[in-house]
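Per the working numbering: the sequence shown ends with 501, consecutive numbering throughout.
Quick reminder that beta carbons are idealized off the backbone N, C-alpha and C, glycines included.
Everything on this sheet refers to the single structure shown next.
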Amino acid sequence: MTYDYITAMDPDALRRDYPIGADFPGPLACMSRDELRARQERAFSRVMAFAWRVPFYQRLWGAKGIEPGDIRSLDDLPKLPTYDKADIMDSVARFPPLGDFHGQDAHPPERRPQIIFHTTSGTTGKPQPLLFGPKSREVQNRLLARLYLLAGMTRDDVVHSVYGHGLINGGHYVRETVQHWVGARFMSAGTGVETRSAQQVFIMKEFGATAIVGFADFIRRLADVAREEGFEPGRDIPIRLICAHLGSETQASLSAAWGGAAVYDWYGVGDTGIIAGEGPDRTGMHVWEDAHALEIADPDTGAPVPRGRLGDMICTCLFKDDIFPIIRFNTHDVTEEVIGANPLGLPFRRIRGFLGRSDNMVKLRGINLFPTGIGALLVDQAEGATGEFICRVHKDGTRDAMTAHVEVRGEMTAGLRERLEGLLKTRLGVEIAVALEAPGALAALTQVESRQKPIRLLDERK
């Protein structure tokens, strides 16, 4: 039998093990936490057996004196060191061009999975290789389809995507999800560099887009461009559903920009795919724990934080036993767990979603600050805010200072600026200057038209 992509992805097992659509939540709804844990342990055992044959993990764990018998269950995860993007890039530098973390050679030649190759955007440095096998690729796709279908996407939708489509993983992963497992019509417009914003608006109007997927910053920008081109979002372009990564945007403001469209947030990274997403209950993001073991740890000590406290998300993928096993990957993205019973009756925990990056955190006079959190406060409280902002850290004499620049429409009064500065001091406990800017004034700094993730922090102290 030919060991091709379809054979390697094992469609029957995918449908059985990772229910979506009408099959979701299915048996997961009546599963106890103990039953879920037993399922996780079986998957973890397979992933660990694979990882011990991968040189990257042999080096990483061997350097700490860890042997295979030391890790018997998920309870032993804290014994293993975390790793992050810097470790992956070090592996690539040592063993170019793909590093020694893919594990393809750990499989028998006749059953060696192909490598699906993409990269990160490289917006913070050299692009990182992102490697997938057929099984892990399609598990990621089905888990994202689970979110899209739960949010109400159907085969009748016309989905306009503003994710990047080149070597970047995001746009291709989302396209595969919609085409393979949702069945909607998919329009891969890409960023404003790939397809000009004004042209995107005309494409959406011409082909009847009903849903948008991508990063909220640019989705909001498209609503402004639509109005500039004489179209009313929600009426002339009948968007009813937005599945986006929210940053400074709130669901309410993004929904209002597009005429009342339903907005759903989700979280994932390029290496892991989707980790958590919102459901119709709107009580936080459900962690897909049938596929991931997620830890929330103190950024400084690495110790687990109490429930409801902020910490780094450390992810172990329980399905990646074909290419590039992921065990204790520190995303450096910050979140906190939502406390309380799952309202959908699922055995899954919930998180608040992406709240900032611990490696992009600024300590100002003893207070930890996240630019995305500052922006969210300003955008929510400033009447006429466009959603665009940037924080600049600089020296004020001998001490560090921050100025938060936010775009607003209409009159930019001293009263508004003072009110926002007072709000930040009350909420965050530290003085932050606010500068009000005209719409579009920050585009050159944030690069919202050209980057998947706009720049939100400029550190001018160096």
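Here Asp-419 has Thr-289 as same chain residues with Cβ atoms under 6 Å from its own Cβ, once five neighbours each way along the sequence are excluded.
Beta-bridge partners assigned by DSSP to Cys-356: His-331. For Glu-422, the secondary structure class from DSSP, reduced to helix, strand or coil, is coil. Look at Pro-272 here: in three-state DSSP terms it is strand.
Note that the C-beta distance between Tyr-187 and Val-131 is not below 8 Å.
In the structure shown, Phe-246 adopts helical secondary structure according to DSSP, grouped into three states. DSSP lists Ser-200 as the beta-bridge partner residues of Ser-227. In the structure shown, Glu-106 falls within a coil segment according to DSSP collapsed to helix, strand and coil. When the Cα atoms are used, Thr-46 and Arg-500 turn out to be separated by approximately 54 Å.
Distance from the CA of Pro-120 to the CA of Leu-53, rounded to the nearest whole angstrom, comes to 30 Å.
Counting only runs that start and end inside the segment 438 to 483, the beta strand (DSSP E) elements of at least 3 residues fall at 438 to 447, 472 to 476. By the neighbour-count definition (other C-beta atoms within 10 Å, threshold 16), Val-213 is a buried residue. Boundaries of the alpha helix (DSSP H) harbouring Val-178: 173 to 190, taken from the DSSP string. The criterion of a C-beta distance shorter than 8 Å is satisfied by Glu-446 and Ala-424.
Under the three-state reduction of DSSP, Thr-374 is assigned to strand. Its Cα nearest to that of Ala-315, the residue Trp-305 stands out among Thr-322, Trp-305, Glu-268. Remark: three or more beta-carbon pairs, one from each stretch, lie closer than 8 Å, so the segment 246 to 263 and the segment 291 to 299 are flagged as touching. The distance from the Cβ of Pro-382 to that of Ser-71 is about 17 Å, inconsistent with a contact at the 8 Å cut-off.
Excluding the 5 residues flanking it on each side, Leu-403 has same chain C-beta neighbours closer than 7 Å at Asp-439, Met-441, Val-469, in chain order.
Boundaries of the beta strand (DSSP E) around Glu-317: 312 to 317. At the C-beta level, Leu-496 and Leu-463 stay beyond 8 Å of one another. Proximity of the segment 263 to 271 to the segment 239 to 253 meets the contact definition, three or more beta-carbon pairs being nearer than 8 Å. Contact check for Asp-310 and Leu-99: beta-carbon distance about 15 Å, past the 8 Å limit, so the pair fails to qualify. Comparing alpha carbon positions, the residue from Leu-137, Asp-498, Val-344 closest to Asn-399 is Asp-498.
Between Ser-160 and Ile-207, the C-beta spacing is below 8 Å.
DSSP lists no bridge partner for Phe-83. When the five nearest sequence neighbours on each side are left out, the beta carbons in the same chain lying within less than 6 Å of the beta carbon of Leu-475 are those of Val-447, Met-451, Arg-456, in order along the chain. It is roughly 52 Å from the alpha-carbon of Asp-109 to the alpha-carbon of Asp-435. Cys-282 has Val-252, Tyr-303 as its beta-bridge partners, per DSSP. Ranked by how close their Cα comes to the Cα of Asp-337, the residues Gly-101, His-371, Thr-158 have His-371 in first place. In this structure, the beta-carbon distance from Thr-158 to Val-197 does not fall below 8 Å. When Cβ pairs closer than 8 Å are counted between the two stretches, the segment 76 to 89 is seen not to touch the segment 339 to 354, the count staying below three. Ranked by how close their Cα comes to the Cα of Val-432, the residues His-444, Gly-229, Glu-422, Arg-55 have His-444 in first place. Between Glu-271 and Ile-335, the CB-CB gap reaches or exceeds 8 Å. Taking C-alpha positions only, Ala-68 is separated from Thr-485 by approximately 43 Å. With a beta-carbon spacing of about 6 Å, Leu-357 and Phe-83 fall inside the 8 Å limit used to define contacts.
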